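What follows is a short report on a single structure.
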Amino acid sequence: MPLFKRKPFDLAKPPEDLEPSDLVYQVRFTKEIFRDYQYPKLKEYLNRINLYRQRVWMCKSTGKSNLTYEEAMVMEKNAIQKVQQLPNDLVAPALRIIQFSKNQSTTLLTKALVVILIRLPLPSFLACILRLLI
């Protein structure tokens, strides 16, 4: 879920007394439902749409900011897919290094790469890196 001002954002709750025959307006990418597009409730729906179109969102997985809500959602989905592509041979050593470390992320990355280079033969290592980059 994308972050708004570095904090989780609560989606609007669906109307409780909604009938199957009621006409509703739905935000395409959040699936939020609004009953009225009439003036009193118009502000709520349009304000929400305008908020999602602003570049104030941040990807929770990558930390990239200045995104629209939809861009942040796509980026998170892609980041999750990349993490799932990480070969099982690399997961355990990387997690051991990262788990209790208080180092900066660049230092952690360097340590993890050194350990992986030592443990894996070069062709396997290059194949793993290429798989992550593609």
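Counting from 1, one number per residue, gives the positions in the sequence shown under the UniProt record's numbering. Glycine included, each C-beta is placed from N, C-alpha and C at the ideal position. Values in this document were obtained by computation on a predicted structure and should not be read as measured data.
Where does residue i sit, in a helix, a strand or coil, going by DSSP?
i, result
"P2", "coil"
"K31", "coil"
"P8", "strand"
"L67", "strand"
"Q84", "helix"
Have a look at the options and flag the residue whose alpha-carbon is nearest the alpha-carbon of residue i.
i, options, result
"V56", "N78, L3 and V114", "L3"
"residue 135", "L23, A94 and C59", "Outside the displayed range of the chain (1 to 134) lies residue 135, so it cannot be described from this structure."
"K31", "E19, D22 and R48", "R48"
"L11", "A92, Y45 and S65", "Y45"
"K13", "S61, S21 and V27", "V27"
"R35", "G63, I80 and D22", "D22"
"E70", "L126, F29, S124 and L18", "F29"
"W81", "V24, R131, I98 and Q54", "The residue asked about is misnamed: residue 81 is Gln in this sequence, not Trp. That would be R131, whose Cα lies nearest to the Cα of Q81."
"A72", "L86, Q84, Q85 and R53", "R53"
"Q85", "M1, I129, P20 and V74", "I129"
"P20", "I33, F9 and P8", "I33"
What residue does the alpha helix (DSSP H) around residue i start on, and which one ends it?
i, result
"E16", "Run containing E16: none; DSSP gives neither H nor E here."
"S105", "S105 to R119"
"N88", "N88 to Q99"
"K102", "Counting along the chain, K102 falls outside any alpha helix (DSSP H), and DSSP gives it neither H nor E."
Taking contact to mean 3 or more Cβ pairs, one atom from each stretch, closer than 8 Å, check whether the stretch 109-118 and the stretch 85-100 are in contact. Yes: the two stretches touch, three or more of their Cβ pairs being nearer than 8 Å.
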